[in-house]
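Visitor:
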Amino acid sequence: MSEEFDIQNEAHSTFDFKGFLFKLLSHWYLFVIVIAIAFAVAHYVNVRKLPVYSMGNLITIKDDQNPFFTTTTSLTFNWGGTTDKVNTAVITLKSRSHNEKVVERLQYFLNYKKNGEYQLVDAYKQTPFFVDVESNKWQALGRKFKVVFKDSVTFNLSSSFSGGNVTVQNYASKEKKQIFVEAQSYSRDYKIGQRIEEPFFNGLFMPNPEIDVVSGVEYFLYFSNFDASVKGVNVNIRPDSKGSSVLRMSMNGQNKAKLVDYLNTSVAVLSEDMLERKNLFATKTIAFIDSSLSAKSLELKDVEKELNVFKNRNEIFDIEGKGGEITLKLNELDIQKESSDRQLNYFDILETYLRNRTDYRDVPAPSVAGINESSIVSGVSQIIDLAQDRNKLQYSYKDGAPVFANIDRQINAVKTVLLENIASSKSLMQQEQARLNKEIGQLEFQMRKLPKEQQELMKIERRYNLSQGTYDIFLAKRSEAGLVKAANVSDVQIIDIAKDTGGGKIGPNTQLNYMMALLFGFLLPFIYVFLRSFFNNKITSVKDIERLSKIPILGAVGKSRLVNNLAVLTKPKSAIAESFRAIRSSLHFIYKKQGVEGTKTVLVTSSVSGEGKTFTSINVSSVFALSEKKTVLVGLDLRKPKIFDDFEITNTIGVVNYLINDANVDEITQRTQVPNLDIILSGPIPPNPSELLMGDRMENLIEELKEKYDYIVLDTPPLGLVADSLELLKFADATIYILRQNYTKKGMLALINEKYKKGEVKNLSFVLNFFEDKTKYGYGYGYGYGYGAYGNGYHEKEMKISLLNRIKKIFKIKK
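So this is what it looks like as structure tokens:
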């Protein structure tokens, strides 16, 4: 073949989809096994895994205005708006402090269990009893207590102790400690309603009227760490829509009653906390007013007594004339001055509070002092809101978190503006006080012109009237504050309570599990076959050769299960023998196309040792000889000769003897039991095989053989290991390059492709050896390997090589 082929090494990147599909089909058993295992696992999960439920409720956060707040109400206690309250509610519901209250109220740290089909299951509200845990006493953590009823009233409480320290916890103080309990099988009988007092268990069993007592049924109790119980709570909270004041709460778990109780109790605690926060300002205002009323009441009594004593002693009952006018004016000015003093005092207190404190939640309402200035009221409300928000964040974030820096900046900004407004208001108030003092001074000057006794009476009545006026003001504010507090309602309203309506199961999803099992059952073997194919660097099929090289494929030879390499001679009607006959036909075609006349030379080589080069040489020689053509097989692998072993002759004389001029052709040629087939062995292993093959004697040998034989088959060393074969290529009319399935590495073809492209190798063809078509899809007769797939009934069946024969064959190769 003189035509050149365009060797496309880029064919490495082409993926053989058809070949990959056949590989998938050949691994059908793997799919069956993996799918069966996946379905078994899915069934196990569906049967053994406890069901999971999801319960939810719906609440709204509204800024309900107190109906007693009107434009005429002097006391103002409401800060913030709806958006702020929604954010506060979400933070509160997720906060640790809130969930601690819920866990404590529900005694969520006590776990009720009973025997299920495969394991213990949650029996909350499914037992004929409740346990009222004494939170201020010690309870053993993680210790399982068994409860068995003997009748409707009597039950047995038991637990096993191996001896040693047991961790106990006081749920009221959250304190934990270790106590020593001797090794024992604790077991005692109690009655419903009887208090249990043990170092490791303290509580009262109460009947559950909804569950009937069944004697002999086992129930189990165990206490969990309080902190762990709180951390184990996971409530999902989200707005019903963006910017909405409606919140959806949901919770997942294995006991629907437990989820329902937790969600509803959480809302109840939130409602109580928000109402308490709403009433906080009114409560503090009432406390402040009560203390002021107490002091003014005592002062009023003392002045009233002093006034009566003075009147009785001096027999004076009323102030008449000019003195009465002065008294009325002074009373009015005194009340104004007292209000001014009260406001200045509030400003001083507020300023000191802001400068010296960091927690501003307890700032009293400005309306207590009669201050209705919008800048002061707004500033106080903002700083209180921010202080409360910061306090809530402490339960959700660690100290030093960026969120604290942000809210502290807001607090400082509001505080700076508020202090400036306080300073401005104090300045105006001090000017007002100077005016009032001036007017009071003028009236007191006029009063000094009156008789001495009248002056004294006026002073006493003035003090009395001031105390009475202040008392009346505080009393009115006290009543107003009480009315406001009583009318306050929680901003939390329940739209839908959490309720078990019979559904809510979210897992395990049996259909999804089976679908996932089917998916993974297909996917895992697919990935396995794909990765094995993708990372396999060895020739696995004819398609691999076709993708990696444009060098023609002469044929494929199936697996030989014989002990020796004489496949054609031992099993002449076998599929392997027919493969070699097909190769012979292909060689005839090559010779005819090349116009080769006379003796034809075939050179057989490979990439590395072990690919079946010698096996192919022997059997190609055999099929030529069986066609009544005089054939000679020449062993030119001078470094690792093998041919002699298969023909059971000695390698004492051969090519090496001829090349060193120690023997002639007739002396090195040996007859075989096959008619028309002679063999020339390599002979003794020389120290310089390459130099011998390059010499003139080698050319002489080939010329002499051409005069005597029709076909010369040259068994040469592997081309990928030594350069000897390159020196012999010039003698070949056709070159067979052996590739072995699942043995020859794909990278080996790059070397021969390059040499072929450069013209160093002519008339080259591949033969795929040890070929096994697991897909059972043949490639036809064109390449000479179709019989392996379709030859049933036409060829002798090959017996599998026994283990003993395999071992014998290995030792023969090593000789």
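Here the sequence shown stands for residues 788 to 1602, numbered as in the working numbering.
Backbone N, C-alpha and C define an ideal beta-carbon position, used for all residues, glycine too.
These figures come from a predicted structure and were not determined experimentally.
1) State yes or no: is the C-beta of Pro1505 within less than 8 Å of the C-beta of Ser1404?
2) By Cβ distance, which residues of its chain are closer than 6 Å to Asn1051, with the 5 residues on each side in sequence left out?
3) Determine the contact status of Arg1458 and Val1410, defining contact as a CB-CB distance below 8 Å.
4) I'd like the span of the beta strand (DSSP E) that includes Glu962, first residue to last.
5) Please determine, among Thr1072, Thr914, Glu1059, the residue with the shortest C-alpha to C-alpha distance to Val1004.
6) Can you say whether Gln906 is buried or exposed, counting buried as having 16 or more other CB atoms within 10 angstroms of its CB?
7) Below 8 Å on the Cβ atoms is my guess for Leu1551 versus Leu1515; work out the distance and round it to an integer in Å.
8) For the 8 Å Cβ check, are there 3 or more pairs between the region 1522 to 1534 and the region 1309 to 1320?
9) Determine, using beta carbons only, whether Val877 and Ile1024 come nearer to each other than 8 Å.
10) Below 6 Å CB to CB, which residues in the same chain sit around Ala829 once its five sequence neighbours on both sides are set aside?
11) Cutting at 8 Å between CB atoms, please list the residues of its own chain near Phe967, excluding the five before and the five after it.
12) Rounded to whole angstroms, what's the CA-CA distance from Thr1139 to Asn1066? Just pull it up for me.
13) Pull up the DSSP beta-bridge partners for Thr847, would you.
14) Could you tell me the distance, in whole angstroms, from the CA atom of Ser1162 to the CA atom of Asn1042?
15) Check whether the Cβ atoms of Tyr973 and Asn898 lie closer than 8 Å to each other.
16) For Tyr1315, tell me which candidate among Asp1089, Gly806, Leu811 has the shortest Cα-Cα distance.
17) Is Ser1214 helix, strand or coil when you go by DSSP?
18) I'd like the list of long-range same chain contacts for Ala1521, defined as Cβ closer than 6 Å, with 5 residues on each side in sequence excluded.
19) Report, in whole angstroms, the separation of the C-beta atoms of Lys1264 and Ile1076, which I expect to be a contact under 8 Å.
20) Just to confirm the assignment, what range does the beta strand (DSSP E) spanning Lys1544 have?
21) Using three-state DSSP, classify Val1167 as helix, strand or coil.
22) Check whether the Cβ atoms of Asn844 and Val1054 lie closer than 8 Å to each other.
23) Please indicate yes or no: does the CB of Gln1123 lie closer than 7 Å to some heavy atom of the ligand ATP?
24) Take the Cβ of Lys1400 as the centre, count every other Cβ of all protein chains shown within 10 Å, and call the residue buried at 16 or more, exposed below.
25) Just the Cα atoms here: how many angstroms apart are Asp1453 and Ser1320?
26) Check Val1150 in the structure and name its three-state DSSP category.
27) Relative to the C-alpha of Ala1412, which candidate in Ser1396, Val1443, Val1500 has its C-alpha closest?
28) Near Asn1529, what residues of its chain come up, given a Cβ to Cβ distance below 7 Å and the 5 sequence neighbours on each side ignored?
29) Closest by CA to Ser960, which one among Ser1211, Val1033, Lys924?
30) Tell me Asp919's beta-bridge partners as DSSP assigns them.
31) Per DSSP, which one or two residues make a beta bridge with Arg1527?
32) Reducing DSSP to helix, strand and coil, say where Phe1309 ends up.
33) For Lys1286, which of helix, strand or coil comes out of DSSP?
Guide: According to the structure shown:
1) Taking the sequence shown and counting its residues from 1, one reaches residue 1505 at position 718. Taking the sequence shown and counting its residues from 1, one reaches residue 1404 at position 617. Not in contact: Pro1505 and Ser1404 (Cβ atoms no closer than 8 Å).
2) Along the sequence shown, read from residue 1 onward, the residue named residue 1051 stands at position 264. Result list for Asn1051: Ile1284, Ala1285, in chain order.
3) Position 671 of the sequence shown, counted from the start, is the residue given in the question as residue 1458. Position 623 of the sequence shown, counted from the start, is the residue given in the question as residue 1410. No; because the gap between Cβ atoms is not below 8 Å, this pair is not in contact.
4) Position 175 of the sequence shown, counted from the start, is the residue given in the question as residue 962. Glu962 -> beta strand (DSSP E) spans 962 to 968.
5) As a working mapping, residue 1004 is identified with position 217 in the sequence shown. Among Thr1072, Thr914, Glu1059, the Cα nearest to that of Val1004 belongs to Thr914.
6) Here the question's residue 906 lines up with position 119 in the sequence shown. Exposed.
7) Here residue 1551 refers to the residue found at position 764 when the sequence shown is read from its first residue. Here residue 1515 refers to the residue found at position 728 when the sequence shown is read from its first residue. With a beta-carbon spacing of about 13 Å, Leu1551 and Leu1515 fall beyond the 8 Å limit used to define contacts.
8) no
9) Translated into positions along the sequence shown, residue 877 becomes position 90. Translated into positions along the sequence shown, residue 1024 becomes position 237. At a Cβ-Cβ threshold of 8 Å, Val877 and Ile1024 count as neighbours.
10) Here residue 829 is taken as the residue at index 42 of the sequence shown, counted from 1. Closer than 6 Å at Cβ, skipping near neighbours: Asn1300, Tyr1301, Ala1304.
11) Taking the sequence shown and counting its residues from 1, the one referred to as residue 967 is at position 180. Cβ neighbours of Phe967 beyond the five flanking positions: Gly951, Asn952, Val953.
12) Start at 1 with the first residue of the sequence shown, and residue 1139 comes out as number 352. Start at 1 with the first residue of the sequence shown, and residue 1066 comes out as number 279. C-alpha separation (whole angstroms): 25 Å.
13) As a position in the sequence shown, residue 847 is number 60, starting the count at 1. Partner(s): Val1033, Gln1280.
14) Here residue 1162 corresponds to residue number 375 of the sequence shown, with the count starting at 1. Here residue 1042 corresponds to residue number 255 of the sequence shown, with the count starting at 1. Going by the C-alpha atoms only, they are around 53 Å apart.
15) By 1-based counting over the sequence shown, the position of residue 973 is 186. By 1-based counting over the sequence shown, the position of residue 898 is 111. Not closer than 8 Å, so no.
16) Here the question's residue 1315 lines up with position 528 in the sequence shown. Cα-wise, what sits closest to Tyr1315 is Leu811.
17) Locating residue 1214 in the sequence shown gives position 427, counting from the first residue. Helix, per DSSP.
18) Here residue 1521 is taken as the residue at index 734 of the sequence shown, counted from 1. So the list reads Leu1374, Ile1377, Val1389, Asn1550, once near-sequence residues are dropped.
19) Within the sequence shown, numbered from 1, the residue matching residue 1264 stands at position 477. Within the sequence shown, numbered from 1, the residue matching residue 1076 stands at position 289. That belief holds up - the Cβ atoms of Lys1264 and Ile1076 are roughly 6 Å apart, short of 8 Å.
20) The sequence position of residue 1544 within the sequence shown is 757, counting from 1. It is not in any beta strand (DSSP E) - Lys1544 instead sits in the alpha helix (DSSP H) that spans 1535 to 1544.
21) Here the question's residue 1167 lines up with position 380 in the sequence shown. Under the three-state reduction of DSSP, Val1167 is assigned to helix.
22) Along the sequence shown, read from residue 1 onward, the residue named residue 844 stands at position 57. Along the sequence shown, read from residue 1 onward, the residue named residue 1054 stands at position 267. Yes, the pair counts as a contact, with Cβ atoms nearer than the cut-off.
23) Among the components of this structure there are no ligands whatsoever, and the ligand ATP is therefore not found.
24) As a working note, residue 1400 is residue 613 in the sequence shown. Label assigned to Lys1400: buried.
25) Position 666 of the sequence shown, counted from the first residue, corresponds to residue 1453. Position 533 of the sequence shown, counted from the first residue, corresponds to residue 1320. C-alpha separation (whole angstroms): 52 Å.
26) Reading the sequence shown from its first residue, position 363 is the one you call residue 1150. Val1150 falls in the coil class under three-state DSSP.
27) In the sequence shown, residue 1412 corresponds to position 625, counting from 1. Checked all of Ser1396, Val1443, Val1500; the closest Cα to Ala1412 is Val1500.
28) As a position in the sequence shown, residue 1529 is number 742, starting the count at 1. These residues qualify, in order along the chain: Lys1325, Thr1327.
29) Numbered from 1 along the sequence shown, position 173 holds the residue referred to as residue 960. Ranking Ser1211, Val1033, Lys924 by Cα distance to Ser960 puts Lys924 first.
30) For the purposes of this step, residue 919 is identified with residue 132 of the sequence shown, where counting begins at 1. BP columns for Asp919 point to Leu991.
31) Walking along the sequence shown from the start, residue 1527 turns up at place 740. Arg1527 pairs with Asn1556.
32) The sequence position of residue 1309 within the sequence shown is 522, counting from 1. Assigned with DSSP and collapsed to three states, Phe1309 falls in helix.
33) By 1-based counting over the sequence shown, the position of residue 1286 is 499. In the structure shown, Lys1286 sits in coil (DSSP, three-state: anything other than H, G, I, E or B).
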